[in-house]
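If you read the sequence shown in the UniProt record's numbering, its first letter stands for residue 1, the second for the next number, and so on.
Backbone N, C-alpha and C define an ideal beta-carbon position, used for all residues, glycine too.
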Amino acid sequence: MAQDHEDKGHVTAPTSDQPEDTSRPVWQDEDDEGVATSGNAADASEPEWVRKRRRQLLEARDRAVAGDDFVDPGALTGKLTKVKAGSRSSGVRFRIDRDNDPRHNVAVTGGVSQLGFDHTGSLLAVLGRREKSLRLFEVDRHRSEGKHFRLKGEITSPASPGHTVSSFAFASNGKGILMVADHKAVLKYDPESSSTVRIASITNLRTEYGYRRVHTPPAPDDRGAADVFALSCSDHGGVLLCDSRSNSIMHHFQMNATAVGVGFHLRAGIVVTADEDANVYEWDLATGRCSHKFKDDHSLRLTSFAMSPSIRAEFARHAFMVAGSQMGFLNLFPVVPDAVGGPPPSSYIAQDHVKTYGNLSTAVTSIAAEDNGTFIAYASEHKRNALRIVHNPSGCVVGNWPTEKVNLGRVTDVAFASRFSTLAVGNRTGRVQFFRILTK
1 MAQDHEDKGH VTAPTSDQPE DTSRPVWQDE DDEGVATSGN AADASEPEWV
51 RKRRRQLLEA RDRAVAGDDF VDPGALTGKL TKVKAGSRSS GVRFRIDRDN
101 DPRHNVAVTG GVSQLGFDHT GSLLAVLGRR EKSLRLFEVD RHRSEGKHFR
151 LKGEITSPAS PGHTVSSFAF ASNGKGILMV ADHKAVLKYD PESSSTVRIA
201 SITNLRTEYG YRRVHTPPAP DDRGAADVFA LSCSDHGGVL LCDSRSNSIM
251 HHFQMNATAV GVGFHLRAGI VVTADEDANV YEWDLATGRC SHKFKDDHSL
301 RLTSFAMSPS IRAEFARHAF MVAGSQMGFL NLFPVVPDAV GGPPPSSYIA
351 QDHVKTYGNL STAVTSIAAE DNGTFIAYAS EHKRNALRIV HNPSGCVVGN
401 WPTEKVNLGR VTDVAFASRF STLAVGNRTG RVQFFRILTK
């Protein structure tokens, strides 16, 4: 038998006269010496949060031995347990209930094109894709303060003789509804007199085809108020800013591509617009000049756009601008409330602090937000049940809603009745559903 001449680390069995040396390893490889002298490589490969936690524990132990300060044992002791990356909890429990009362169902022909509540929450306007005009519903404000959202019924709808309405918006002063129709028509409806008039003074030869949508600022607060509205053109990157009192054009904003949305920041005196090429513009409300422009590097093509409905002082830290992309991502940018007590910033949008939500797999087609900026709802009509709700203060998405039992269909538009914490959801079949959002 061949004799094994390999040296196995010079291990010798201990005898009764020779006690066992516990400092010597049981087994030794040829590369053990290099590992031992490598300068504690295991510690160098540890994450920074582990090393910081270890330093805190050592400092706490030294202070406890010296008797300098009292150390809370529950605050600086325990195992170094790693938290799963990206796991965040809002600390708020949500409950979303649907109003299943069939007496308050709303249905339009050809699918819902647009939804909207007025600033007081007393009127709901619904625009159908195959209907020529709006349908107005009165909200039961007294009963809606309770557990469920209720409608009193349909009231007289605005008449649009000879025109097909494509978009609407409630006036910021609460007096009337602005509508855009075919043939570059701008209509104004007065609920008190139930009359509709065409604003013939708004004409612009540079708008070759028509208007895509009408936009109005949020309800005026203690500092920001302006009787203006905006018209986004459908065939090129133009936005017209108009005066509501004189019904005349104040400024013409020209962008590089077709507009996807218009937002107002009246406390800062600017108008924010975005185009399909992911460019965001900030325009001065007084002079009409572009004060700042940047590109949303997180999107290749934008499909929707929105801003905080209100940027009041108590909700300033939750103010935002959101842009929905064709790939299903929602990018949220914080907004600087105003420049009180100092020079105005170069940009009121903090583009370096963007938050991206990728919970949809198809293009974001509609966005809505509460007046206080607590909840943001965004949806895509290209996929069934493609709707998500963001809790803006915590930055978390309500992950367990909608469930499979909640049949939203293909959502075409969403709107918040902030006073009643209710979300209205319209789909392609023309049905409007109402959901009450409760927080604990």
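Query                                                                                                                   : Result
Residue nearest to Tyr281 in terms of C-alpha spacing, selected from Met255, Thr303 and Phe168                          : Met255
Residue burial classification, Tyr209 (beta-carbon count within 10 angstroms, cutoff 16)                                : exposed
Selected residue, minimal CA-CA separation from His215, among Asn392, Thr203, Ser244 and Ser201                         : Ser244
DSSP state of Asp297 mapped onto helix, strand, coil                                                                    : coil
Cβ-based burial, Ala379 [other Cβ within 10 Å; buried from 16]                                                          : buried
CA nearest to the CA of Ser172, picked from Val228, Pro158 and Met179                                                   : Val228
Buried or exposed by the 16-neighbour rule on C-beta atoms within 10 Å, applied to Val55                                : The sequence given here places Arg at residue 55; Val does not occur at that position. Exposed, by the Cβ-count rule.
Ala75, DSSP secondary structure in three states                                                                         : Reliability of the predicted coordinates at Ala75 is poor, the pLDDT of 41 falling under 50, and the value obtained from them is presented with this limitation in mind. It is helical.
Residue burial classification, Lys295 (beta-carbon count within 10 angstroms, cutoff 16)                                : exposed
Inter-residue Cα distance where the pair is Gly303 and Ala257                                                           : It is Thr, not Gly, that sits at residue 303 in the sequence shown. In a straight line, the C-alpha of Thr303 is about 12 Å away from that of Ala257.
8 Å contact criterion, which Arg388 and Asn359 should meet: CB distance rounded                                         : 5 Å
According to DSSP, residues forming a beta bridge with Ile96                                                            : Ile437
Own chain residues within Cβ distance below 6 Å of Ala368, not counting five before or after                            : Ala377, Val414, Ala415 and Phe416
Beta-bridge partners of Ala377, as assigned by DSSP                                                                     : Ala368 and Ile389
Closest Cα partner of Asp99 within the set Arg301, Phe320, Ser157 and Ala424                                            : Ala424
Separation of Ala169 from Tyr189, as counted between CA atoms                                                           : 11 Å
Residues near Ile270 by beta carbon distance below 7 Å, same chain, minus five either side                              : Glu282, Trp283, Asp284, Leu285, Ser291 and Tyr348
Reduced DSSP category for His318 - H, G, I as helix; E, B as strand; rest coil                                          : helix
Per-residue burial, Asp235 [other beta carbons within 10 Å of its own, 16 or more giving buried]                        : exposed
Distance, His148 Cα to Arg213 Cα                                                                                        : 32 Å
Backbone CA spacing between Leu124 and Val197 [nearest angstrom]                                                        : 21 Å
Check whether Val354 and Pro345 have beta carbons under 8 Å apart                                                       : no
CB contact flag (Phe137, Val165, <8 Å)                                                                                  : no
Cβ shell of His5 (< 7 Å), same chain only, five flanking positions each side left out                                   : Confidence at His5 is low in this model, with a pLDDT of 46, below 50, so its placement is unreliable and the value that follows should be read with caution. Answer for His5: no residue qualifies.
Residue range of the alpha helix (DSSP H) that includes Arg141                                                          : Arg141 to Ser144
Element boundaries [beta strand (DSSP E), containing Trp283]                                                            : Asn279 to Asp284
Top-ranked residue by Cα proximity to Arg436, from Phe375, Val126 and Ala268                                            : Phe375
Contact under 8 Å by Cβ, Arg130 with Thr156                                                                             : no
Leu178 (DSSP reduced to helix, strand or coil)                                                                          : strand
Neighbourhood of Ile202 by C-beta distance below 8 Å, restricted to the same chain and skipping five residues each side : Val186, Leu231, Leu240, Cys242, Asn247, Ser248 and Ile249
Element boundaries [beta strand (DSSP E), containing His252]                                                            : Ser248 to Gln254
Spatially closest choice to Thr120 from Gly153, Gly176 and Pro158, by CA coordinates                                    : Gly176
Coarse secondary structure for Val239, derived from DSSP in three states                                                : strand
Expected contact under 8 Å - CB spacing of Phe320 and Leu332 to nearest Å                                               : 5 Å
Rounded Cβ spacing between Val180 and Tyr211 (contact assumed at less than 8 Å)                                         : 4 Å
Contact set for Gln433: own chain, Cβ-Cβ below 6 Å, skip 5 residues either direction                                    : Val425
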